[in-house]
Every structure is written in structure tokens, then in C-alpha cells.
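S.K.: If you're matching positions, the sequence shown starts at 21 in my numbering and goes up one per residue. Heads up, the beta-carbon is just placed ideally off N, CA and C, and yes, glycines get one too.
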Amino acid sequence: MRELVVLGTSSQAPTRTRNHNGYFLQWEQEGILFDPGEGTQRQLIHAGLAASRIDRICITHVHGDHCFGLPGVLSRMVLDGVDHPVHLHYPASGEDVVRALVLLATPGIDLRLHPHGAAGEIAPGLAVETLHHRVEAYGYRATEPDGRTFLPDRLAAAGIAGPDVGRLQREGRLGAVRLDDVSVHRPGRRFAFVMDTALCDGASALADGADLLVTESTFSDDDAPLAARYLHLTAGQAGSLAGSGGAATLVLTHFSSRYDDVGLLAAQARATAGTATVIAASDLDRVPFPVSH
């Protein structure tokens with residue numbers, strides 16, 4: 021199962037209808053919590069998500085709206101008796117902030133700290149790319165291994181069915197029939213998470229080939245000078261990441277509180293997003309992973 025649960029969609033200041041950041045990704049058997057801002061513990065309750073489902077916490081940078089909810093989430097995990105290891109990933113330059121937040125939490129879980137200071141793989145199937153913001157920041161990419169899609173008509177013609185299909189997949193050959201004869205390559209599905217940043221190579225690399233791309237969309241294109249000053253994306257720039265990268269679905273979030281209606285931002289993103297489906301997220305939205313890309 022793969023699903024994104026949006027816990028909060030506001031940027032620096034929460035509003036009456038939008039909580040600070042928070043995003044939960046169910047990635048097969050692993051639950052990943054991204055950027056837990058203030059109130060994330062409460063948002064998990066509203067979303068019907070048990071804190072025990074969290075296996076990893078990934079922080080893009082140490083601005084408060086992306087990490088001040090960490091102590092509450094960790095304390096809730098202690099209260100719920102979480103007994104599995106919890107891996108916490110964050111920029112190395114934010115070590116002091118992260119350790120201070122961890123010290124505020126109730127002790128009692130097996131929390132493993134993983135600071136990173138450069139782009140690259142940080143766990144199996146999980147990698148980071150450098151973003152361009154006012155502090156050290158990274159975006160995250162989750163990727164499943166490439167696989168094979170079997171073609172039923174070719175399997176039938178070759179007389180292969182049942183357990184023999186699995187054997188062929190494991191061994192690569194069954195008698196005279198090769199795996200390539202009855203299947204085609206299937207790229208592993210990709211999830212990308214891009215928060216506070218100006219347009220940069222790292223953001224483009226994350227968006228490339230993403231099945232589901234989550235990006236900040238802090239400002240309207242009309243407020244591009246503000247976006248440039250604070251190193252954030254406009255809606256049109258968020259859309260262009262999806263369009264140039266060939267992303268299948270784009271989820272916009274991290275909206276400035278100056279916009280009561282984000283429909284304008286969604287329209288601006290659609291104008292540059294190519295064939296990508298564009299969703300302007302609301303708190304507690306659940307976004308299923310695209311079936312195929």
C-alpha cells in the first residue's frame with residue numbers, strides 16, 4: 021500500500037483551516053513522517069493515524085514550521101508504547117536544534133539519529149538532494165526497485181502458469197523461455213518531497229520521473245519578488261518542476277497565509293505542469309499513489 025496523508029498545509033503561520041506542515045507517507049510496510057510542524061500530534065489523531073505507524077521521520081530543514089512538532093510526536097510514540105526503532109533523518113547543520121527538540125520529548129523509544137550533509141542515499145530506497153534555501157535544506161526521494169511486468173498473452177503462449185511464473189521470475193529462465201520473452205521492464209515507482217527552496221538542480225532531480233511529487237507552493241506568481249527574496253517557490257515554478265520532470269501527480273502545499281483561496285495557485289501550477297495532475301492540498305487530504313506512470 022502507498023498513500024500520502026496530508027497533515028498540515030500552511031507555511032510560516034498556521035491559519036484557522038490550515039495547520040503547520042506534516043505529511044505521512046505509507047510506503048509499503050514503512051511509515052514515513054515528513055516535516056512535523058507544530059500540532060502534528062493532534063493532526064495524526066484527526067487523520068486516524070496511530071503514531072505507532074511511524075518508522076522514519078525526515079526533516080528537510082530546521083525552520084520551526086517544519087520541525088517544532090517533533091517533541092510531541094516522539095512523546096506520543098512513547099505513550100503508545102512504540103517498541104520498534106524509529107529513524108530520524110535531518111541536515112547535519114541542524115544537529116543542535118534537533119537534539120534540543122529530542123531532549124524535550126519523553127524518553128523511552130529506540131530513536132536513531134541520522135544526520136546527513138550531502139546528497140545521496142541515506143537508507144535503502146531513500147535518498148536526499150540539496151535544495152536552495154536560507155538554511156541548509158534537503159528534499160527526499162523514495163524509490164522502489166525496478167521490476168518486471170508479465171504479459172499474460174505471452175505467458176499463455178509459452179504454456180507458463182501458476183508457480184512456474186514465480187520460478188521464472190526468480191531464475192530468469194524456464195527451459196527455453198527467458199524472462200525477457202514474457203515480460204517487460206517496469207521502473208520502480210518514485211515519491212519526491214520538495215519543501216522550502218528556490219528553483220535549483222536538486223529540486224529538478226527530485227521531480228524527475230516522480231509518480232507523486234509534493235512541493236511547496238508558498239507564493240502566487242504575482243508575488244514572485246517575495247518568493248525570490250525568501251527563496252521559496254511560486255505556484256508556476258512548482259508546476260514547472262512537475263512539467264519538466266514528467267511527474268505524474270503534483271501535490272501543492274505550504275501555502276502562505278495571505279491566500280484565502282489557493283485555487284489561483286493551483287491554476288498557475290496547471291499552466292506549467294504539462295500532463296501532471298495537480299492537487300492543491302487541504303489538511304487531512306488522503307492522496308492515493310498513482311496506479312501507474
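With I74 and D55 assumed to form a contact (beta carbons below 8 Å), what rounded beta-carbon distance in angstroms separates them?
M.R.: Their Cβ separation, rounded to whole angstroms, is 13 Å, which puts I74 and D55 out of contact at 8 Å.
S.K.: I'd like to confirm the pairing. Which residues does DSSP put opposite I299 in its beta bridges?
M.R.: DSSP, once it has assigned bridges, lists V271 as partnering I299.
S.K.: Could you have a look at P111 and say whether DSSP puts it in helix, strand or coil?
M.R.: P111: strand per DSSP, three-state reduction.
S.K.: Could you check what DSSP says for Y43 in three-state terms: helix, strand or coil?
M.R.: Of the three classes helix, strand and coil, the one that applies to Y43 here is strand, per DSSP.
S.K.: Three-state secondary structure (DSSP) at Y160?
M.R.: Correct three-state label for Y160: strand.
S.K.: According to DSSP, which residues form a beta bridge with T379?
M.R.: Because the chain in this structure spans residues 21 to 313, residue 379 falls outside the shown range and cannot be described.
S.K.: Rounded to a whole number of angstroms, what is the C-alpha to C-alpha distance between A8 and D281?
M.R.: One cannot answer for residue 8 here, as it falls past the ends of the chain, which runs 21 to 313.
S.K.: Flag this pair as yes or no: are the beta carbons of F170 and S203 separated by less than 8 Å?
M.R.: A contact, by the Cβ cut-off of 8 Å.
S.K.: For E48, which of H66, R209, A71 and R132 has the nearest alpha-carbon?
M.R.: When each option's Cα is compared against that of E48, the closest is R209.
S.K.: Roughly how many angstroms separate the alpha carbons of L251 and T29, rounded to a whole number?
M.R.: Cα-Cα distance, rounded: 18 Å.
S.K.: I'd like the list of long-range same chain contacts for G128, defined as Cβ closer than 6 Å, with 5 residues on each side in sequence excluded.
M.R.: So the list reads V98, once near-sequence residues are dropped.
S.K.: Reducing DSSP to helix, strand and coil, say where A286 ends up.
M.R.: In the structure shown, A286 sits in a helix (DSSP, three-state: H, G or I).
S.K.: Where are the beta strand (DSSP E) runs, 3 residues long or more, that stay fully inside the stretch 24-106, in chain order?
M.R.: Counting whole runs of 3 or more residues, the stretch 24-106 contains the beta strand (DSSP E) stretches 42-47, 50-54 and 76-78.
S.K.: Quick one, which of A120, P105 and D100 has its alpha-carbon nearest G84's?
M.R.: Residue A120 is the option with its Cα nearest to G84.
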